[in-house]
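Novice: Structure incoming, see below.
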Amino acid sequence: MSKFVINGGNKLFGEVTVQSAKNSLLPLISACILIDGKVTFLNCNKLNDVCVMLDIIKALGGSYSWNGSSLTVDCSSLTSYELPKELTSKIRASIFCLGPLLGRFHKALFFKSGGCDIGERPIDLHINGLTKLGAEFSLGDVIYSRVDEVIGSEITLPFKSVGATENIMMLASVCKGKTVIKNCAKEPEISNLAELLRRAGGEIYGAGTDVIEVYGVPKLKSNDIVFTPVPDRIETGTYLLSTLSTGGEVTIKNCIFSHNVALIKKIYNNACKISINNDKIYIKSMGVGNSLGFVKTAPYPGYPTDLQTPLVAYASTLNGMTIVHEGVFSSRFNQIAELKKMGADLTVVKNRVVIEGVRTLYGATVTALDLRGGAGMVIAGLKAHGQTVINNAEIIDRGYYDLEGKLRSLGADVTRIHDEI
Ligand code: UD1
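With numbering that gives the first Met the number 0, the residue at position 93 of the sequence shown is 92, and numbering never jumps.
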């Protein structure tokens with residue numbers, strides 16, 4: 000266990016480079032289950048969730064190796080279709096292995112998957128979609144699934160689920176015939192996954208739009224594919240908001256501007272300068288901005304739910320009232336009580352939080368309750384007067400690699416302290 004100790008008040012200055020997106024890398028690794036041969040991913044970090052996914056691959060009989068920031072995954076010799084309980088309970092993304100295992104072995108055994116506590120996280124959309132492709136499920140503590148023949152179908156998702164879109168797309172890529180996924184999610188990570196599947200021989204069209212068409216092929220194969228996952232738009236957003244909160248001037252490298260439009264639209268022209276130069280975003284704070292008005296999180300290209308708490312932390316010290324409506328998860332306001340300990344004026348009303356801007360926040364001892372909530376606490380700590388101690392810092396490591404080191408390189412006073420056992 001570890002904690003972050005932040006002495007707030009330092010403005011952030013300099014350059015920082017964004018890692019490959021965790022939310023891309025996790026489904027990409029699970030897609031390797033379907034791919035015969037080695038796939039090398041570039042610009043990766045040993046994020047905690049990525050390490051758990053790799054442990055799952057190993058437990059299934061696959062292998063992986065790191066060479067600096069290059070990660071090679073080889074699932075040619077996979078032997079097992081059983082996802083180990085102790086690993087699946089650690090990450091929600093273990094559910095991404097379901098479609099690929101059904102495609103590879105025509106059967107899969109798994110347990111309820113884990114992840115951050117951000118409200119109900121059912122898997123009905125995954126199960127219903129895979130059922131449409133021919134899979135059968137026996138549901139209990141242990142979930143067993145089998146499929147005689149994967150046959151293409153038309154599937155309309157009732158909600159734009161990222162994971163369900165990815166799972167269905169992966170199984171459909173080795174089905175017999177054509178699959179159409181309607182009302183699918185459009186996140187950049189989905190287009191990225193489709194690109195890998197295509198590189199391995201898959202026939203997928205429309206990823207990134209509301210309708211994906213998949214023409215099944217018998218097998219996916221790699222001739223030593225080298226693949227770069229998309230940059231992490233949530234990490235980019237975290238630096239944008241940290242810079243504005245502290246009043247600094249930072250160039251963020253390895254970004255895709257279009258992936259962050261929803262956030263940039265909210266902060267643009269509000270006491271800051273933003274400019275884009277190829278894969279770099281430059282941001283300069285020009286003082287304390289005005290309230291952001293009404294912000295609603297929504298599936299991409301809407302404002303990302305993963306940047307909801309970071310935005311709440313930032314908006315806590317703006318002039319005036321901001322209202323943030325959580326439109327993706329049933330409850331994602333766990334972190335609000337912790338932010339209030341730092342002096343934020345926040346009121347939760349159903350799925351909304353009303354933020355009355357205060358002049359400043361004050362250092363306190365708080366706890367990171369989920370990954371992105373933890374990132375929000377870091378933004379609050381960077382802004383606050385005095386010292387903030389954030390317990391449970393390792394939950395932040397699930398999605399940010401060496402966040403404290405990167406922030407320190409920008410001038411923040413952040414250290415990690417390992418708890419005595
Ligand atoms: C992914 C991201 C997560 C992000 C989320 C929404 C990864 C590894 N994680 O999670 O960081 O916060 O997208 O952008 O990519 N739902 C159901 N039934 C299902 C599946 C989902 O009701 O079977 C609901 C969820 O409860 C939630 C909504 O759909 O309310 C969106 O969830 P989904 O897009 O599936 O999120 P994940 O893929 O789990």
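We treat Cβ as the ideally placed atom computed from N, Cα and C, and that holds for glycine.
Can you tell me the Cα-Cα spacing of leucine 135 and glycine 380, whole angstroms?
Specialist: Correcting the residue type first, residue 135 is glutamate in the shown sequence and not leucine. So the two alpha carbons sit approximately 49 Å from each other.
Novice: Does the Cβ-Cβ distance between serine 427 and alanine 206 come in under 7 Å?
Specialist: No answer is possible for residue 427: it lies beyond the span of the chain, which begins at 0 and ends at 420.
Novice: Give me the Cα-Cα distance between serine 137 and valine 146, rounded to the nearest whole angstrom.
Specialist: The alpha-carbon atoms of serine 137 and valine 146 are separated by roughly 12 Å.
Novice: Assign glycine 13 to one of three DSSP states: helix, strand, or coil.
Specialist: Strand at glycine 13.
Novice: Answer yes if the segment 82 to 92 comes into contact with the segment 44 to 56, meaning at least three C-beta pairs across the two stretches below 8 Å, and no otherwise.
Specialist: Taking 8 Å as the limit for Cβ pairs, the verdict is that the segment 82 to 92 does touch the segment 44 to 56.
Novice: If we count the other Cβ atoms within 10 Å of its Cβ and call it buried at 16 or more, is valine 17 buried or exposed?
Specialist: Per the 10 Å Cβ criterion, buried.
Novice: Taking only three categories from DSSP, how would you classify aspartate 123?
Specialist: Looking at aspartate 123 - three-state DSSP - the assignment turns out to be helix.
Novice: Check each candidate in Lys279, Thr208, Cys74 and name the one with the smallest Cα separation from leucine 239.
Specialist: The candidate whose alpha carbon is nearest that of leucine 239 is Lys279.
Novice: Quick check on DSSP: helix, strand or coil for histidine 258?
Specialist: Helix at histidine 258.
Novice: Return the chain-ordered list of same chain residues with a C-beta closer than 8 Å to the C-beta of isoleucine 339, the five sequence neighbours on each side being excluded.
Specialist: Contrary to the premise, residue 339 reads as lysine rather than isoleucine in this sequence. Result list for lysine 339: Leu345, in chain order.
Novice: Along the beta strand (DSSP E) that carries tyrosine 214, what are the first and last residues, could you check?
Specialist: Here the beta strand (DSSP E) through tyrosine 214 covers 210 to 214.
Novice: So what's serine 64 in DSSP terms, helix, strand or just coil?
Specialist: Of the three classes helix, strand and coil, the one that applies to serine 64 here is strand, per DSSP.
Novice: Just grab the DSSP bridge partners of serine 172 for me.
Specialist: Answer is none; serine 172 lacks a bridge partner.
Novice: Does the beta-carbon of phenylalanine 3 have 16 or more other beta-carbons within 10 angstroms, so that it is buried, or is it exposed?
Specialist: So phenylalanine 3 ends up on the buried side.
Novice: Could you tell me whether the Cβ atoms of glycine 362 and glycine 7 are closer together than 7 Å?
Specialist: For glycine 362 and glycine 7, yes; Cβs fall inside 7 Å.
Novice: Checking the sheet assignment: what are the DSSP bridge partners for arginine 351?
Specialist: Its beta-bridge partners are His324, Val348.
Novice: Taking 6 Å as the line, does the beta carbon of leucine 24 fall inside it for any heavy atom of the ligand UD1?
Specialist: No.
Novice: Touch check for the segment 35 to 46 and the segment 267 to 286: three-plus C-beta pairs under 8 Å?
Specialist: Too few Cβ pairs lie closer than 8 Å, so no.
Novice: Kindly examine the ligand UD1 and report whether one of its heavy atoms sits closer than 6 Å to the Cβ of valine 470.
Specialist: Residue 470 lies beyond the range of the chain shown here (0 to 420); nothing can be said about it.
Novice: If you follow the alpha helix (DSSP H) that aspartate 54 is in, where does it begin and where does it stop?
Specialist: Residues 47 to 58.
Novice: Based on Cα-Cα distance, which residue from Val51, Asp35, Leu27, Val311 lies nearest to leucine 41?
Specialist: Of the listed residues, the one whose Cα sits closest to leucine 41 is Leu27.
Novice: Is it buried or exposed for valine 49, if we count other Cβ within 10 angstroms and need 16 for buried?
Specialist: Its Cβ being crowded by 16 or more others within 10 Å, valine 49 is buried.
Novice: Hey, could you find the ends of the beta strand (DSSP E) glutamate 135 is sitting in?
Specialist: Counting along the chain, the beta strand (DSSP E) containing glutamate 135 begins and ends at 135 to 137.
Novice: Can you confirm whether the segment 308 to 326 touches the segment 211 to 220 when touching is taken to mean that 3 or more C-beta pairs between the two stretches lie within less than 8 Å?
Specialist: Result no; under three Cβ-Cβ pairs closer than 8 Å.
Novice: Helix, strand or coil for threonine 426? Go by DSSP, reduced to three states.
Specialist: Within the shown structure, residues of the chain are numbered from 0 to 420, placing residue 426 beyond reach of any answer.
Novice: Per DSSP, what kind of secondary structure is cysteine 96 in: helix, strand or coil?
Specialist: Cysteine 96 falls in the helix class under three-state DSSP.
Novice: Please tell me whether, using a cut-off of 6 Å, the distance from the CB of leucine 262 to the nearest non-hydrogen atom of the ligand UD1 is below it.
Specialist: For the ligand UD1, not one heavy atom lies less than 6 Å from the Cβ of leucine 262.
Novice: Thinking C-beta only, is isoleucine 34 closer than 7 Å to leucine 156?
Specialist: For leucine 156 and isoleucine 34, no; Cβs fall outside 7 Å.
Novice: Enumerate in chain order the residues of its own chain whose CB-to-CB distance from valine 179 is below 6 Å, with the five nearest sequence positions on each side excluded.
Specialist: Closer than 6 Å at the Cβ level, and outside the excluded window around valine 179, lie Glu153, Glu212.
Novice: Please return the same chain residues whose Cβ sits closer than 6 Å to the Cβ of valine 353, not counting the five positions on each side in sequence.
Specialist: Counting only Cβ-Cβ distances below 6 Å, and skipping sequence neighbours, we find Ile322, Thr346.
Novice: Measuring only the C-alpha atoms, how far is leucine 262 from glycine 236?
Specialist: Spanning the two alpha carbons is a distance of roughly 7 Å.
Novice: What is the C-beta distance between glycine 98 and leucine 170, in whole angstroms, given that I count them as a contact (C-beta under 8 Å)?
Specialist: Confirmed, about 4 Å.
Novice: Which residue's Cα is closest to the Cα of glycine 385: Gly342, Gly61, Gly372?
Specialist: Comparing Cα-Cα distances from glycine 385 to each of Gly342, Gly61, Gly372, the minimum goes to Gly342.
Novice: Quick check: does the Cβ of valine 161 come within less than 6 Å of any heavy atom belonging to the ligand UD1?
Specialist: Indeed, a heavy atom of the ligand UD1 lies less than 6 Å from the Cβ.
Novice: With respect to 6 Å, is the separation between the Cβ of leucine 156 and the closest non-hydrogen atom of the ligand UD1 below this value?
Specialist: For the ligand UD1, not one heavy atom lies less than 6 Å from the Cβ of leucine 156.
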